Amino acid sequence: MKNEKFTYAGEDLEAMSHAYKYREWVLSKIEPVIGDHVVEVGGGIGDFSEMFLHRSIKSLTIVEPSEDMCGKLNARLTGYDNVKINIINGFFGDNLSNLPKQTDTVLYINTLEHIEDYQAEINYMHKALLPGGHIGIFVPALSWLYGNFDKEVGHYRRFNKRELDEVVKRSGFTIIKSYYMDCLGVPLWWLQYRLLKRKDLKSYQVILYDKLFVPVNRFLENIITPPFGKNLLLLAKKNKD
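Just so you know, numbering that gives the first Met the number 0 puts 128 at position 129 of the sequence shown, and the rest follows in order with no gaps.
Below, the structure written as structure tokens:
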């Protein structure tokens with residue numbers, strides 16, 4: 000991506016800020032690969048960023064292309080003296096030289112779908128990491144669920160497991176885990192955004208889903224990994240060769 004001014008309204012992020020149980024669920028799946036020096040790409044309004052600061056990390060570098068979002072991140076993350084925090088306004092590929100040399104974790108949570116050339120972006124992840132470092136990717140899943148809402152918030156795609164796995168492996172990573180999450184969300188998403196063609200996400204919808212569906216989903220998916228889901232989680236390790 001070119002280093003140019005980027006704006007993002009973030010209304011969907013404000014709605015998703017109410018998804019407390021959802022974030023805890025996602026973070027519990029990503030946490031095994033979180034090391035000491037974490038780079039988060041696309042910090043948004045800082046919902047996950049703030050959660051990382053309560054983990055045992057030494058530094059958090061956030062690369063966020065939106066100047067408005069960077070302002071919100073700076074305001075939200077002040078006062079955390081236990082972790083070295085650096086917020087970079089720009090694109091990841093343009094700022095590899097500004098990342099800590101000891102970077103051992105790169106996280107893309109609801110970010111990769113906003114990037115047109117995601118193969119190049121995953122190559123950047125590989126360049127940024129120490130040998131043996133890890134990536135965590137969480138993205139919208141199932142291409143046939145792509146609808147008006149995805150277009151409205153700037154998603155280039157929704158991912159299928161096989162295609163993402165292949166791209167990650169081609170970039171020099173060994174996949175640790177890759178699986179779908181949130182199977183109960185699939186029919187609801189299809190109804191709202193494919194059949195009814197809605198373009199927005201309301202806070203009350205997020206609150207209701209977070210309270211009623213996420214606990215059930217989490218319980219069921221701790222027992223059995225579903226063959227499909229509204230989202231896709233991938234954890235991988237950079238090969239040492």
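Just so you know, even glycine gets a beta-carbon here, dropped at the ideal spot from N, CA and C. None of the values given here were measured: they were computed from a predicted structure.
Residue i versus residue j: straight-line alpha-carbon distance, rounded
i, j, result
"S58", "P225", "34 Å"
"L232", "D80", "31 Å"
"K237", "W24", "25 Å"
"A235", "F218", "24 Å"
"Y117", "L111", "7 Å"
"Y178", "G184", "15 Å"
"D11", "S142", "20 Å"
"K196", "P186", "14 Å"
"Q204", "P64", "28 Å"
"E115", "V215", "34 Å"
"D46", "L26", "11 Å"
"F51", "P31", "12 Å"
"Y208", "R22", "12 Å"
"T77", "V167", "34 Å"
"D199", "E66", "23 Å"
"S170", "F91", "16 Å"
"Y192", "G70", "31 Å"
"N109", "L194", "23 Å"
CA nearest to the CA of residue i, picked from the options
i, options, result
"A14", "K201, F137, L195", "K201"
"Y19", "F90, G131, Y107, F212", "F212"
"E49", "R75, M180, T104", "R75"
"E250", "G78, V105, K176, R22", "Outside the modelled stretch of the chain, which goes from 0 to 240, sits residue 250, for which no answer is possible."
"L72", "I44, K210, I108, S65", "I44"
"E220", "C182, M68, V205", "C182"
"G228", "V166, W188, C69", "W188"
"I174", "M180, I134, L207", "I134"
"I33", "H113, H154, K198, Y107", "Y107"
"L190", "K168, L144, P139", "L144"
"H113", "G70, Y192, H154, V166", "H154"
"N94", "V62, R22, G70", "V62"
"M180", "F51, A140, Y192", "A140"
"I29", "K210, K239, Y192, K176", "K176"
Per DSSP, cross-strand counterpart(s) of residue i
i, result
"M180", "N230"
"K236", "H133, T173"
"V25", "In DSSP, V25 forms no bridge with anything."
"I84", "L59"
"P64", "According to DSSP, P64 bridges with nothing at all."
"P214", "Answer is none; P214 lacks a bridge partner."
"H17", "In DSSP, H17 forms no bridge with anything."
"T104", "V37, H133"
"F158", "A140"
Whole-angstrom C-beta distance between residue j and residue i, which should lie under 8 Å
i, j, result
"G42", "M68", "7 Å"
"N230", "F137", "6 Å"
"G132", "D164", "No, G132 and D164 are not in contact; Cβ-Cβ is about 19 Å, not under 8 Å."
"I206", "H17", "5 Å"
"K210", "P130", "Contact doesn't hold; Cβ gap of about 43 Å is too wide."
Stretch pair the region 92-110 + the region 32-45: three plus CB contacts closer than 8 Å: yes
Three or more C-beta pairs below 8 Å linking the region 148-160 and the region 49-56: no
Inter-stretch contact (C-beta, 8 Å, three-pair minimum) for the region 124-135 and the region 69-87: no
The region 57-74 contacting the region 152-161, beta-carbon criterion three pairs below 8 Å: no
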